[in-house]
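Visitor: Residue numbers (the working numbering): 25 to 574. Cβ atoms here follow ideal geometry from the backbone N, Cα and C, with glycine treated the same way. One structure, as structure tokens, below. Some questions next.
Next up, the structure:
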């Protein structure tokens, strides 16, 4: 389904009704709907006569009521495809927690939602419940359709970035499709275009007759772009070289689109990922309008799913396997770190440790140990990363911004690192020790919560216990933070509820007191801004320089 649509179960559609006035234009259509009765969708449940009497439609009375139907009557017809409804997920923390969708009546018993629209609702599919509201007047329907429609809210009103966009499979699939060396036979491409609704819509059959060579992934992707679109940006997979070569990047990590043609670069999270500074989707929506943005998202997601169903995208435990040589190197890094930690502890015990300004000698020791162990984890992670490479799908997911990050992967492959509670090493538990498995006063890395095992290798019992202590803090913190932020939002709403932006762009309260002379001090609407800035200066400068070079 499209990002604008919501799938509604047929039995829900039969229960909800929309009042529709009978006119000379729709009289016959309304009669047909009434004859369907309440049990055949799309039917009607009630008819309200001109004198205000309300008649329930049943299988026995439906034909009589249909014959009686006349101009001016109101038919309470059942929900059908194309009706405007409001969809909401609680907690409603911001404006985009309730948006307007078009109905698509479907079988089975769950509401259906396009994956791209999950981020503003903060929705996932592990049992979430959502509410559907059906506006009853024409004014309410038109207002919802113009102001609250999903496609009108692609750009977040908070920070001016797309909050609706690709995620997970779509991002990884876009990378696999557009990376250098990706080629697809013409027959497969025709099938992809057919499945994603592009054939005969954006591409005619004649395009396949003219093309004798296989299609590259970049050629597939550029079919979806507006014909005069030009944009340049770095991919998420950018290696951040000391000197950027821009369009001449040898790793294909700099995207160049000119006049609707994808000339260079690989498409990933930097192009159309939700909740990120995705340059491509942002430019399409702001320069070409929300209709073009919706069409692009609908087409690109269908195309990518068609491609990865054939190409394959999978991950398994062997994605975090590294060779013996790599494991030996990681062990060596951790051994060096342990010996440096012991050197610091011995210096402390001998009274030779130099105290840092403003700290006690114990704090100095702890800070030095923490710094040493953090460096060890980073070095072990970097060593593991060298052996993982970009061919493994788990690495592709992390580097393209689809899901997770390289820290997660290095914790699976190399080591977990130091477990902390309130930013410090673990020290509480028993008298002068964290667990009864260690000697009293033991300050070594292992005794204070450093986990040198990886998830792949498995944790020892003491490491598992330390890991649980670190994890518990996260759970408590989540519960406390939710309550605090909820109470803070409530106080803010009460304090700001009577503020409004006047026609002169000043912010005033109910007594006409001026709070701000210009809304936000700069008069910029974030949803129409360039990531919070009024104008994208960098792009204007870049465009000017490149046009002069040409």
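1. Just curious, the beta strand (DSSP E) that residue 68 is in, first and last residue?
2. Per the DSSP calculation, residue 124 is bridged to which residue(s)?
3. Excluding the 5 residues flanking residue 175 on each side, which residues of the same chain have their C-beta closer than 6 Å to its C-beta?
4. Please report the distance separating the alpha-carbon of residue 266 from that of residue 435.
5. Could you pull the start and end residues of the beta strand (DSSP E) that residue 33 belongs to?
6. Are the beta-carbon atoms of residue 397 and residue 361 separated by less than 8 Å?
7. Out of 50, 67, 51, 52, which one is the CA nearest neighbour of residue 58?
8. Determine which residues share a DSSP beta bridge with residue 186 and list them.
9. At a cut of 8 Å, does the segment 60-76 reach the segment 131-139 through at least three beta carbon pairs?
10. Leaving out five residues on either side along the sequence, give the residues of the same chain with a beta carbon under 7 Å from the beta carbon of residue 466.
11. Quick one: what does DSSP say residue 98 is sitting in, helix, strand or coil?
12. Since residue 524 and residue 515 are thought to touch, with beta carbons under 8 Å apart, how far apart are those beta carbons, to the nearest angstrom?
13. Spell out the partners DSSP gives residue 207 in its beta bridges.
14. If you draw a straight line from the C-alpha of residue 490 to the C-alpha of residue 383, how long is it?
15. Apart from the five residues just before and just after residue 385, which ones in its own chain have a Cβ nearer than 8 Å to its Cβ?
16. Is it the case that the Cβ atoms of residue 493 and residue 450 are separated by a distance below 8 Å?
17. In its own chain, which residues sit with a C-beta less than 7 Å from the C-beta of residue 500, not counting the 5 before and 5 after it?
18. Nearest-angstrom Cα distance between residue 509 and residue 114?
19. Considering only residues of the segment 278-304, which uninterrupted alpha helix (DSSP H) runs meet the minimum length of 4 residues and lie entirely inside it, listed in chain order?
20. Please report how far the alpha carbon of residue 356 lies from the alpha carbon of residue 420, in whole angstroms.
21. Which of the three DSSP states, helix, strand or coil, is assigned to residue 452?
22. Taking the straight line between their C-alpha atoms, what separation do you get for residue 54 and residue 99?
23. Straight-line CA distance for residue 247 to residue 40?
24. In the DSSP assignment, what residue or residues form a beta bridge with residue 156?
25. Note down, in chain order, each residue of its chain lying with its Cβ closer than 7 Å to the Cβ of residue 87, except the 5 sequence neighbours on either side.
26. Measuring alpha carbon to alpha carbon, tell me which of 404, 33, 520 ends up nearest residue 128.
27. Per the contact definition of three or more C-beta pairs closer than 8 Å, is the segment 322-333 in contact with the segment 204-222?
28. Taking one C-beta from the segment 204-212 and one from the segment 339-351 each time, how about it: are there three or more such pairs within less than 8 Å?
29. Just checking my contact of residue 475 with residue 441 at CB under 8 Å: how many whole Å lie between their CB atoms?
30. Using a 10 Å radius around the Cβ and a threshold of 16 neighbouring Cβ atoms, would you call residue 374 buried or exposed?
31. Once the 5 residues before and after residue 423 are set aside, which same chain residues still bring their CB inside 6 Å of it?
32. Per the contact definition of three or more C-beta pairs closer than 8 Å, is the segment 539-552 in contact with the segment 151-170?
33. Verify whether the separation of the beta carbon atoms of residue 304 and residue 193 is less than 8 Å.
34. For residue 577, tell me which candidate among 185, 518, 453 has the shortest Cα-Cα distance.
35. Anyone know if the C-beta pair for residue 578 and residue 407 falls short of 8 Å?
36. Curious, which full-length alpha helix (DSSP H) runs of at least 4 residues does the segment 346-434 contain?
Guide: Once the coordinates are examined:
1. 68-72
2. Answer by DSSP bridge pairing, in chain order: 110, 173.
3. 28, 314, 318
4. So the alpha carbons of these two residues sit roughly 27 Å apart.
5. 29-33
6. It is a contact, given that the beta carbons lie within the stated cut-off.
7. 67
8. 179
9. The segment 60-76 is not in contact with the segment 131-139.
10. 457
11. strand
12. Actually they do not touch by this definition, with Cβ atoms about 19 Å apart.
13. 240
14. 27 Å
15. 372, 377, 379
16. yes
17. none
18. 15 Å
19. With a minimum length of 4 residues, the unbroken runs of alpha helix (DSSP H) contained wholly in the segment 278-304 fall at 293-296.
20. 28 Å
21. coil
22. 7 Å
23. 40 Å
24. 111
25. Cβ-Cβ distances below 7 Å link residue 87 to 59 in the same chain, with the five nearest sequence neighbours on each side left out; the list follows chain order.
26. 33
27. Contact between the segment 204-222 and the segment 322-333 is present, because at least three Cβ pairs lie under 8 Å.
28. no
29. Confirmed, about 7 Å.
30. exposed
31. 261
32. With a cut-off of 8 Å, the segment 539-552 and the segment 151-170 do not count as touching, because too few Cβ pairs lie within range.
33. no
34. In the structure as shown, the chain begins at 25 and stops at 574. Residue 577 is therefore absent and cannot be evaluated.
35. What the structure shows of the chain is the stretch from 25 to 574, and residue 578 is not part of that stretch, so it cannot be assessed.
36. 348-374, 385-412, 417-424
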